[in-house]
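Notes follow the structure.
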Amino acid sequence: MININKLEDIISDQSSAFRSKDIGVIRDINFQKYLRTNQITAISGIRRSGKSTLLAQFSRKIKQFYYISFDDERLLGFEVSDFQNLMLAFRKTHQAQTIFLDEIQNVPKWERFVRRIYDEGYKVFITGSNAKLLGSELATHLTGRYFKIDLYPFSFKEFLMFKKKDFQMKGTIAQADILKNFDYYLKQGGFPEFVKHQDSEFVKRIYEDVIYKDLLVRFQIKDTKNFKQLANYLFANFTQEISYHSLKNTLNFKSATSVKNYLEFMQESYLIFELYKYDYSLKKQYVSDKKVYVIDNGMRNTVAFSFSEDKGKMLENLIFIELKRRGQEIYYYKDKKECDFIIKEKNKITSAVQATLALTKENKKREIEGLLEAMDEFKLKQGLILTLNEEDIIKIDKKKLIIKPVYKWLIGTDV
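Sequential numbering of the sequence shown, starting at 13, is according to the working numbering.
Here it is in C-alpha cells:
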C-alpha cells in the first residue's frame, strides 16, 4: 500500500506540471458536449496523440479539479486498495468535484473505483492507450454512463491551426499555400510533437514504444521476431487486402490464429486498423479479406521500407483515418468493381467514397464504374471522388459524382 504522504507529494508534483502545461492547439472537438454532462469522459488513443494535453485543455475550463497520472514510476504497484488513500490525499489539498485520471489503464480493477466516485457525484475524465481495455471495462461496469473520445494525431485542420495558417482565406496564393502544407502533412503525418519539432526520430520512438510496451510486454508475446516482422509487413503493405492465412504463409507463422490475435492486439493499441468488406451476411463479412490501414502516414514512412513514394496509398490511408476521426462506421465495397469506402449510418449505407490521386486515362473508367456500382447497390444518388487537386461534377443517369480536392474535404471549406 502506498503511503498517503508519498501520494500527496506525487499529486503536488504532477498537479504543478499539469497546471503549467502548454495546452498547444485546441483540438477540434465539442468541449461543451462533455463538460455540461455528468457522464464520465473516456479519452482513448495511441501513445503521444495528445491525450494528456486534451485533459489540460478541459482543465482550463474548470475552476477546481484533482489530477493524477498513473504513468509515473513512483506509482508502480498501485493497487485498488490505494484508491482510498488517493482520495484522502486529494481532499487534503482542496475541494473539487472534477477528477482527471491519466493513463488509468495501468491500475488493476480501476473501473470499480471510477464507478464509485461517479456514483458519489464526481465528474470524471479518464485516459488510456488501449481501446479494448477502456471499451470493454467501461461497457461492463459503466453502461450508459460514459462518453468515449477516440483521439488521433492532428487532423489537417488542426495541423494548419498549429502552423497558424488561415484556411478560410480565399484566392490563388492562399490555395497554393494550403496545397504546399497538405503535401507535407500527407507524407509526414500529424503526431503533435513531430509537427512541433519536425524530428522523425520522435515518430520512430513512438512506434517502438507501442511495439515493446503496449504490445510485447502487455500481451506477454514470446515470438518477438515474428511479431515485429508482421507489424513491419503491415506498415509496408498498408491499404492492401490481406487474409490471416496468406499472412501466415508469407511470414511463416505456425497458425493463422496467431496472426489474427496479433492483428487484434495491434488494433487495440491504435497502431493499425482492419477494414471489413461490406456484406449483408455478417458471417461472410467476417471471413472475407480485410484491408489494413495505419495510424499515421508519417509513422508508416518512417518505419516501413518502400520502393516507391506510394502517394496514392498515403492519400487513401489519410482519408480512412479522417473517416475514423469523424466517428464513421466504414467498410469497403467489392463485387465486379470496387469502391474504397462506404459509410453506414443506422443500418443503412449512406455514402460512397473513392480515393485517387488523379483521374487519368488509365484509371478514370475504373474509379467511376466502381463508385457507380456501389451507388447502384445501395440506391445512392450522390457519390464522392477525393483527389489531390481536381474539382468537377459528373452527372450520369440522374446520379451526381462530386470530384473534390481532399484538402477541401478535410477542412470543410470550398477555398
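Even glycine gets a Cβ: it sits at the ideal position worked out from N, Cα and C. Please read all numbers here as calculations on a predicted model, not as lab measurements.
Element boundaries [beta strand (DSSP E), containing residue i]
i    : result
L396 : 394-399
K349 : Looking at the DSSP string, K349 is not in any beta strand (DSSP E), and its letter there is neither H nor E.
K135 : 135-140
I16  : Here I16 belongs to no beta strand (DSSP E); instead the alpha helix (DSSP H) covers 16-31.
F112 : 110-114
Residue i to residue j span [Cα, whole Å]
i    : j    : result
Q44  : L66  : 13 Å
K127 : T155 : In the sequence as presented, Lys is not what sits at residue 127; that position holds Arg. Using only the alpha carbons, I get a separation of about 10 Å.
L275 : N17  : 43 Å
F239 : I414 : 42 Å
V229 : L335 : 31 Å
L392 : D235 : 47 Å
T399 : K289 : 22 Å
Q241 : N329 : 21 Å
L327 : P165 : 16 Å
R86  : G324 : 46 Å
I405 : Y79  : 52 Å
A68  : L371 : 44 Å
A151 : N359 : 21 Å
I333 : L422 : 11 Å
I23  : D189 : 45 Å
G62  : K104 : 30 Å
K182 : Q107 : 49 Å
Three-state class that DSSP yields for residue i in the structure shown
i    : result
S71  : helix
E341 : strand
G36  : coil
Q366 : strand
L163 : strand
S318 : coil
W421 : helix
D404 : strand
T49  : coil
L371 : coil
K416 : strand
D426 : Only weak support is given to the placement of D426: the predicted model assigns it a pLDDT of 46, under 50, and the value that follows is read from those uncertain coordinates. Three-state DSSP puts D426 in coil, outside helix and strand.
F353 : strand
G62  : coil
K325 : helix
G156 : coil
K411 : strand
I41  : coil
K360 : strand
Segment limits, alpha helix (DSSP H) that includes residue i
i    : result
Q187 : 184-200
P204 : 204-209
L172 : 168-174
F179 : Looking at the DSSP string, F179 is not in any alpha helix (DSSP H), and its letter there is neither H nor E.
R378 : 376-389
F214 : 212-221
Residue i versus the options, residue with shortest Cα-Cα distance
i    : options                : result
Y46  : G140, K135, D211       : K135
V207 : G310, K295, K289, Q279 : G310
E321 : S270, L369, I405, E280 : L369
D409 : N401, G424, M387, I333 : M387
K420 : I331, K303, K349       : I331
T53  : M13, D40, L113, I38    : L113
K216 : N313, K325, T49, Q117  : N313
F168 : K237, K199, L146       : K199
K225 : F285, N142, I380       : N142
D221 : N375, Y282, I55        : Y282
Q232 : S258, Y197, N273       : N273
S56  : E149, L246, K360       : E149
E280 : N401, K192, L146, L383 : L146
G395 : L294, V365, L163       : V365
D21  : K75, S81, I35          : S81
Beta carbon proximity, residue i to chain D, threshold 8 Å
i    : result
L392 : Among the chains in the structure shown there is no chain D, since it carries only a single protein chain.
Beta strand (DSSP E) runs contained entirely in the segment 234-314, provided each spans 3 or more residues: 284-287, 302-306
Secondary structure, beta strand (DSSP E): runs of 3+ residues fully inside the segment 75-131: 78-81, 110-114
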